[in-house]
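**Q** Supplied in structure tokens, the structure appears directly below.
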Amino acid sequence: MCSIFGHKPDRGHARHDGRDYWTSCRRCNGQLIRDVDGWRAGTAAEISFHDSLRGDRDEQRAAAGLG
Ligand SMILES: [Zn+2]
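In the working numbering, the protein residues as written are 1078 to 1144.
As structure tokens, then:
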């Protein structure tokens, strides 16, 4: 779907990781990064860097059933 119509960002859940804004796609659940032209799928390197920035806070949220 997304390869044809483009991703559908969930703007309500966008968050800043200290470098970029991120959210997830409402259709494919992929991770989207905010670029100058709008939302696009993050590259593997960007997602890896993003995961390293999220740190302990998201792990605690996941442990609490919130993430
Ligand atoms: Zn998508």
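Idealized CB from N, CA, C, for every residue including glycine.
Verify whether the separation of the beta carbon atoms of GLY1107 and HIS1093 is less than 8 Å.
**A** Cβ distance not < 8 Å, so GLY1107 and HIS1093 don't count as in contact.
**Q** Where does HIS1084 sit, in a helix, a strand or coil, going by DSSP?
**A** Three-state DSSP puts HIS1084 in coil, outside helix and strand.
**Q** In this structure, does DSSP put CYS1105 in helix, strand or coil?
**A** DSSP places CYS1105 in coil when its eight states are reduced to three.
**Q** Tell me whether the beta-carbon of ASP1087 lies closer than 8 Å to the beta-carbon of ARG1103.
**A** Their beta carbons are under 8 Å apart, which means ASP1087 touches ARG1103 by this criterion.
**Q** I'd like the list of long-range same chain contacts for CYS1152, defined as Cβ closer than 6 Å, with 5 residues on each side in sequence excluded.
**A** The displayed coordinates of the chain run from 1078 to 1144. Any statement about residue 1152 would go beyond what the structure contains.
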